[in-house]
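Just below is one structure, and these are the notes that go with it.
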Amino acid sequence: GALSLLLVCQRFDLLEVLSCFETSKKYEVMNNQGQRIYFAEDRSNCFLRYLCGPSRSFTITIYDNIGRDVITVHKALRCSCCWRNCYLQKVIEAPPGEKIGYVYQYFHPLWPMFKIKNANKEDIMKIRGPCVVSSCLTDLNFNLLSLDEEIVIGKISNTWAGFIRELSINADKFGIQFPLDLDVKIKALMLGASFLIVSLFLFCDGKGQVP
23 GALSLLLVCQ
33 RFDLLEVLSC
43 FETSKKYEVM
53 NNQGQRIYFA
63 EDRSNCFLRY
73 LCGPSRSFTI
83 TIYDNIGRDV
93 ITVHKALRCS
103 CCWRNCYLQK
113 VIEAPPGEKI
123 GYVYQYFHPL
133 WPMFKIKNAN
143 KEDIMKIRGP
153 CVVSSCLTDL
163 NFNLLSLDEE
173 IVIGKISNTW
183 AGFIRELSIN
193 ADKFGIQFPL
203 DLDVKIKALM
213 LGASFLIVSL
223 FLFCDGKGQV
233 P
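For the sequence shown, our numbering begins at 23 and goes up steadily by one.
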C-alpha cells in the first residue's frame, strides 16, 4: 500500500551552541515535501545530556504550526546498571494529559527490541533494530513489526537524511515511514518512539553519549 514519510531535523541556535548554555533541543517535523507540520522541543539542558547521556530523562513537547501542544513524550531516568529485567519505558500523550500508549525496551540477545503498547498497556506492535555491538549507531534502521514479527509495517531510519541535508549541518536527522492508513494514534506512538530510539542509539560521541 501507499506509504507516508515524516522527516525530523534538529534546529540549532548559534548563540546556544557557542556558549554551551543550551536550554533545549529543537526539531522540525516535516512531510515528504519538506513542509513543516510540527515543531518539537526537548527542554532537558546541555549539562544533563552530557552527564547522563542516553540514560537521561526528558520530556519532549510537539507543537502544531499554530503553537498548540499536540503530543507529549516522557522518558524516565534510567540507571546505568540496567540489565534484562529492567524495562525502559516512555509514555506518549496526545493531547498532553491523555495517555495514548507506551514504548518499552526489553532484552534481546541479538538486537534492540521495543514493544509499542496502547493506553491499556496491551501489546500492539514491535520495533526491531539492527544487531549492535555498542550503544551507538552511525546508521539508524529500525523496523516497525507486527506482533508475530512476520510483517514489516514501517521504518525509523536516517537513510532519508540526504533529503533534508541542506537544512542544517551536523544535525540530528531521521525519517519515519508508515502506511498512509495507519491509525493516527499509532503514528503518534511511532513519532514518540523515534525520539527514544535516537536518544539511545544515534548521534553519540566517542563515549556513547548524546551531545
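No residue lacks a Cβ here, since even glycine has one placed at the ideal position from N, Cα and C.
Taking the beta carbon of ALA62 as the centre, do at least 16 other beta carbons fall within 10 Å, making it buried, or is it exposed? Numbered from its first residue, the sequence shown carries residue 62 at position 40. Buried, by the Cβ-count rule.
Which residues share a DSSP beta bridge with HIS130? Position 108 of the sequence shown, counted from the first residue, corresponds to residue 130. None, per the DSSP bridge assignment.
Is DSSP giving GLY56 helix, strand or coil here? In the sequence shown, the residue the question calls residue 56 occupies position 34. Coil at GLY56, not helix or strand.
Quick one: what's ILE84 bridged to in DSSP? Indexing the sequence shown from 1 puts residue 84 at position 62. Note: ILE84 sits in a beta bridge opposite ALA62, ILE93.
Pick helix, strand or coil for PHE196, following the three-state DSSP scheme. Within the sequence shown, the letter at position 174 stands for residue 196. Note: PHE196 maps to strand in three-state DSSP.
Pick helix, strand or coil for SER168, following the three-state DSSP scheme. Position 146 of the sequence shown, counted from the start, is the residue given in the question as residue 168. Here SER168 sits in coil by DSSP.
Touch test, the region 110-120 against the region 194-202, Cβ-Cβ under 8 Å, three pairs minimum: no
Please name the residue in THR94, SER179, GLU50, SER216 whose C-alpha comes closest to that of PHE34. Reading the sequence shown from its first residue, position 12 is the one you call residue 34. PHE34 has its Cα closest to that of GLU50, out of THR94, SER179, GLU50, SER216.
Going along the chain, which residues of its own chain have a beta-carbon closer than 8 Å to the beta-carbon of LEU167, five neighbours each way excluded? Locating residue 167 in the sequence shown gives position 145, counting from the first residue. Once the five neighbours on either side are set aside, the close Cβ partners of LEU167 are MET147, LYS148, ILE149, ARG150, ILE173, VAL174, ILE175.
Hey, quick one: how far does the alpha helix (DSSP H) through SER179 stretch, first residue to last? Reading the sequence shown from its first residue, position 157 is the one you call residue 179. Where SER179 is concerned, there is no enclosing alpha helix (DSSP H), although the beta strand (DSSP E) it sits in stretches over 174-179.
Consider the Cβ of GLN32: report whether some Cβ of chain D lies at a distance smaller than 8 Å. Looking at the structure shown, chain D is missing, and only one protein chain is on hand.
With DSSP as the reference, label GLY119 as helix, strand or coil. As a position in the sequence shown, residue 119 is number 97, starting the count at 1. Looking at GLY119 - three-state DSSP - the assignment turns out to be coil, as it is neither helix nor strand.
VAL125 and LEU222 look like a contact to me (Cβ under 8 Å); what is the Cβ gap, rounded to whole Å? Counted from its first residue, the sequence shown places residue 125 at position 103. Counted from its first residue, the sequence shown places residue 222 at position 200. No, VAL125 and LEU222 are not in contact; Cβ-Cβ is about 11 Å, not under 8 Å.
Length of the line joining the Cα atoms of PRO134 and LYS209: Here residue 134 is taken as the residue at index 112 of the sequence shown, counted from 1. Here residue 209 is taken as the residue at index 187 of the sequence shown, counted from 1. Straight-line Cα distance between these residues: approximately 20 Å.
Using a Cβ-Cβ cutoff of less than 6 Å, which residues in the same chain neighbour ALA98 once the five nearest sequence positions on both sides are dropped? Translated into positions along the sequence shown, residue 98 becomes position 76. Taken in chain order, the residues that qualify are SER79.
Of the choices HIS96, LYS137, PRO131, HIS130, whose alpha-carbon is the least far from that of GLY119? Reading the sequence shown from its first residue, position 97 is the one you call residue 119. The residue with the shortest Cα to Cα distance from GLY119 is HIS96.
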